[in-house]
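The structure under discussion appears below in the form of structure tokens.
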Amino acid sequence: MDTSFIVGTTYIEVGGGISDQTVQPGQAATFDLKGDTSTLTGLINQGQAKVQWYKKAPGTTKEQYLGQYYTDSYTTDATDVADNGTQYRAKITLKDGSNSKMVYTNWSTLYVTYSN
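If you count the sequence shown from 1, you need to add 1250 to reach my numbering.
Here it is in structure tokens:
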């Protein structure tokens, strides 16, 4: 009987979709969909998928539609400290003929802070 074994740990993320971003005032922030998005990009180019981006201002629950983008990332305008705490997410719609499926990412937070 083989009694040897290997012990270890690793971090995995289940779900999600986009990560929090930290920038300094005046910088733009880019939110990228995680994972291998080459298939998604191909579907977007073929008109079989679209990505729509939303944001929520700090302290609100109302989403603001930012528009439809034919890419797997969204870049903000130059930020200001008033943008600190704004949350962003994407809605991905996949189409197959007359059928479609919508998938939402998590809300990710924008942190705008002065570095020391």
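Every residue gets a Cβ at the ideal spot worked out from N, C-alpha and C, and that includes glycine.
Fair warning: this is a prediction, and the values are worked out from it, not measured in the lab.
DSSP places T1272 in the uninterrupted beta strand (DSSP E) bounded by Q1271 to V1273. Secondary structure note for I1294: its alpha helix (DSSP H) is the uninterrupted segment S1288 to N1295. Taking C-alpha positions only, K1306 is separated from G1267 by approximately 17 Å. In chain order, R1339 and K1341 place their CB closer than 7 Å to the CB of Y1354, counting only its own chain and leaving out the 5 sequence neighbours on each side. Look at A1307 here: in three-state DSSP terms it is coil, with no helix or strand label. Between T1321 and T1280, the gap from beta carbon to beta carbon reaches 7 Å or more. Per DSSP, A1279 has no beta bridge partner at all.
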